[in-house]
Amino acid sequence: MKLFSNLRISAKLFVGFIALLLLTAFLGLFSIFQLARVNQTAYDLGTIWMPSVNAAMNIKERVSRIRSQEAQLVSAENAEEADKYAKRTQEAVDGLKEHEAEYGRLIVTPEERNLFADYSKAMAAYLDVSAKMAGLARAGNNAEASALLRGPSSKINSQVRGLVDQMVKLNVEGGVAAYQRGAGIYANSRIMIAMLLAASIALGLLLAYLIARVVARPLQEALRVAQTVAAGDLTSHIEVGSRDETGLLLQALKEMNESLLKVVREVRQGTDEIALASTEIANGNMDLSARTESQASSLEETASSMEELTTTVRHNSDNARQANQLSHSASAVAQKGGQVVAQVVDTMGSINASSKKIVDIIAVIDGIAFQTNILALNAAVEAARAGEQGRGFAVVASEVRNLAQRSASAAKEIKELIDDSVEKVGQGTRLVDQAGSTMQEVVESVKRVSDIISEITAAGAEQSAGIDQVNTAIVNMEQMTQQNAALVEQAAAAAGAMQDQAANLSRVVGVFKLDQAAADAPARAPFRPPAKPKPAAKSLPKPPPRQIRPVRAAADEAWEEF
């Protein structure tokens, strides 16, 4: 049964149908075999026993006819009448031999064969006596013929008729036995077929029950598990009792239930951890609020330091005003120098343009020289081909002269441009000298401005110390304030989101029923109310300047990491 349960459904159905087919085939073969036996008995009855009885009765009838003709033959009054009856007797004998031959072909048992042999001997003796009796009757010795008829012939005839009766009886008994044998075969076959049919039905019902049981029960179990999981109950215990498709289905449902149980357990634990984290974040928000109030106190101290810087800033403002006036004078001189420099730039631009033209002309000269070389080469080739005739050479030479003239003209233009460039360079030199003088004046003005700025620098040094302290304190406080504000916002948003998610997850996973060990959740940490913040300290009047170092508390770093 265990082996049958582990078979696949297709194999189970295959085994069931094969078993039914084999049993049906056996039933059919058995029925065919029994029908063949019944048919054989019917065949024996119709082709052996009944024809044998018929042949024996025909023999008996022929024997009776022969006996009747012999009686007529013995009582014949003349030879012609005797011949007539003798001829009829012979015809009866011939018919008898045909029936004997027919009967001899139907003999199947040794007993019947022995009986037929005895009959044949007796019949041969009877025919011998009949032949003697016919000869006496033809000779007119009716008295002797009558004596043979009533004597030896009658005795042998009685013996023959008895043997024929025995043959009839034997064949009748054989036919009855064949009928009884067929009836017995039919009765036994009917019982066996009924038993086999009942066994087939019982086996079919048994196989159908077994297959339905091994298929339906796991499916019902799978349906029950699916319904319990759908209802949120994950405590179902699934047992896999086979390795067929239904067993694989139950195994998959078992793994699914275990995986879902693990997921729900982890989700519940995560929900509890989220709730715990939300509580910690709320506590952190309260701590951040206290730190913000402490920062407000630091800002008040910073305001006192700013009052000391006010006087120094006024003195620096006066010096800056004088430096501004000198800066205007230096600006005018610088503008003049800028104009001169602009003229120098323009002149240099003209020189640059002329230089570009020179470059273009030189390129033309190079092109002409290149073409001149090509023409000279062509002239040489033409001269070589013409031999004595130099007309082609003359044409090429003329072109070479023209190119030479163009080269000369270009060279002349180059000379003129170069002269012009030299003149403009001279003008540029003079302008540069003027610019140098102007820039000297600018330098003197800048020197005076530098003296005033030195005083401003001295005052700025004092301002720098105080401003550095103020800036450092303000930067630190601003960073702390921004970080705390950002942390408060993020923490509030995260706390709200986590609380919502925790509530949602708790609601979702709350529909699932777990075992006691899985349902136990860690206890939540109680909410810790923060300590009451201290009031801000009053600022002292005009504290001495001090260096403020940008130092962060370890708690601040911890909150930033959080």
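One rule links them: number in the numbering used here = place in the sequence shown (from 1) + 3. Even glycine gets a Cβ: it sits at the ideal position worked out from N, Cα and C.
Among the residues of its own chain, which have a CB less than 8 Å from the CB of residue i, if the five just before and after it don't count?
i, result
"Leu378", "Val399, Glu402, Val403 and Leu406"
"Ser412", "none"
"Ile188", "Gln37, Arg40, Val41 and Thr44"
"Glu147", "Leu139"
"Asn145", "Val77, Ser78, Ala79 and Leu139"
"Thr92", "Ile69, Gln72, Glu73, Leu76, Ser133 and Ala137"
Whole angstroms are fine: how far does the CA of residue j sit from the CA of residue i?
i, j, result
"Asn117", "Ile110", "10 Å"
"Gln430", "Asp363", "24 Å"
"Leu264", "Arg220", "24 Å"
"Lys100", "Glu115", "18 Å"
"Ala197", "Lys172", "37 Å"
"Ala104", "Leu200", "48 Å"
"Gln2", "Gln493", "Residue 2 is absent from the structure shown; the chain starts at 4 and stops at 565."
"Ala526", "Thr231", "For Ala526, the predicted structure reports a pLDDT of 45, less than 50, and the residue's modelled location is therefore unreliable. A value from the coordinates is still provided. If you take the alpha carbons of Ala526 and Thr231, they lie about 29 Å apart."
"Ala255", "Thr238", "16 Å"
"Ala539", "Gln482", "Unreliable placement is indicated for Ala539, whose pLDDT of 44 sits below 50; the coordinate value is still reported in the next sentence. Ala539 and Gln482: Cα-Cα distance of roughly 19 Å."
"Leu152", "Tyr88", "14 Å"
"Ala278", "Asp503", "10 Å"
"His318", "Arg451", "19 Å"
"Leu508", "Val270", "7 Å"
"Ile421", "Gln374", "26 Å"
"Ile417", "Ala356", "13 Å"
"Ala190", "Ile159", "46 Å"
"Phe17", "Leu226", "26 Å"
"Arg294", "Glu276", "27 Å"
"Gln472", "Asn479", "11 Å"
"Arg510", "Gly499", "16 Å"
"Thr350", "Lys360", "16 Å"
"Asp131", "Gln183", "42 Å"
"Ala389", "Gly395", "8 Å"
"Ser161", "Leu32", "52 Å"
"Thr112", "Tyr212", "55 Å"
"Ala506", "Thr274", "8 Å"
"Ser332", "Lys339", "11 Å"
"Asn286", "Gln486", "17 Å"
"Gln392", "Glu419", "44 Å"
Using only alpha-carbon positions, find the residue among the options that is nearest to residue i.
i, options, result
"Gln346", "Glu385, Lys427 and Asn144", "Lys427"
"Glu258", "Gly143, Leu279, Ser281 and Val228", "Val228"
"Ser156", "Ala146, Ser440, Leu166 and Met136", "Met136"
"Met60", "Gly165, Gln254 and Ala150", "Gly165"
"Gly98", "Val18, Ile159, Ile62 and Arg40", "Ile62"
"Asn81", "Ile371, Gly143, Glu385 and Ser34", "Gly143"
"Ser13", "Ser332, Ile214 and Glu385", "Ile214"
"Asp236", "Val217, Glu261 and Leu222", "Glu261"
"Ala496", "Ser161, Ser281, Asp422 and His318", "Ser281"
"Ser34", "Ala146, Lys339, Asp349 and Ser192", "Ser192"
"Glu458", "Thr315, Asp168 and Glu83", "Thr315"
"Gln325", "Ile455, Gln392, Gly287 and Ala205", "Ile455"
"Ile368", "Gln437, Lys415 and Asp168", "Lys415"
Apart from the five residues on each side of it in sequence, which residues of its chain come closer than 7 Å, Cβ to Cβ, to residue i?
i, result
"Val175", "Val56"
"Val163", "Val66, Tyr122, Ala125, Met126 and Tyr129"
"Ala95", "Arg65, Arg68, Ile69 and Gln72"
"Ala58", "His102, Glu105, Tyr106 and Leu109"
"Gln550", "Note that Gln550 scores 47 on pLDDT, short of 50, meaning its location in the model is unreliable; the coordinates nonetheless yield the value given after this. Excluding positions up to five away in sequence, the list reads Gln472."
Establish whether the CB of residue i and some CB of chain B are separated by less than 8 Å.
i, result
"Asn191", "Given the protein chain composition of this structure (a single chain), no chain B is represented."
Would residue i pass as a contact of residue j if the rule is Cβ separation under 8 Å?
i, j, result
"Ser133", "Glu73", "yes"
"Leu210", "Ala22", "yes"
"Leu24", "Ser203", "no"
"Ile354", "Arg409", "no"
"Met170", "Phe119", "yes"
"Gly185", "Ala85", "no"
"Ala79", "Ala140", "yes"
"Gly178", "Trp52", "yes"
Going along the chain, which residues of its own chain have a beta-carbon closer than 6 Å to the beta-carbon of residue i, five neighbours each way excluded?
i, result
"Pro529", "Low per-residue confidence applies at Pro529: pLDDT is 49, beneath 50, and the placement is therefore not dependable, though the value from the model is reported in the following sentence. Hits under 6 Å: none found."
"Gly19", "Leu210 and Ile214"
"Pro54", "Leu109"
"Ser424", "Ile354 and Ser357"
"Leu1", "In the structure as shown, the chain starts at 4 and stops at 565, and residue 1 therefore has no counterpart that could be examined."
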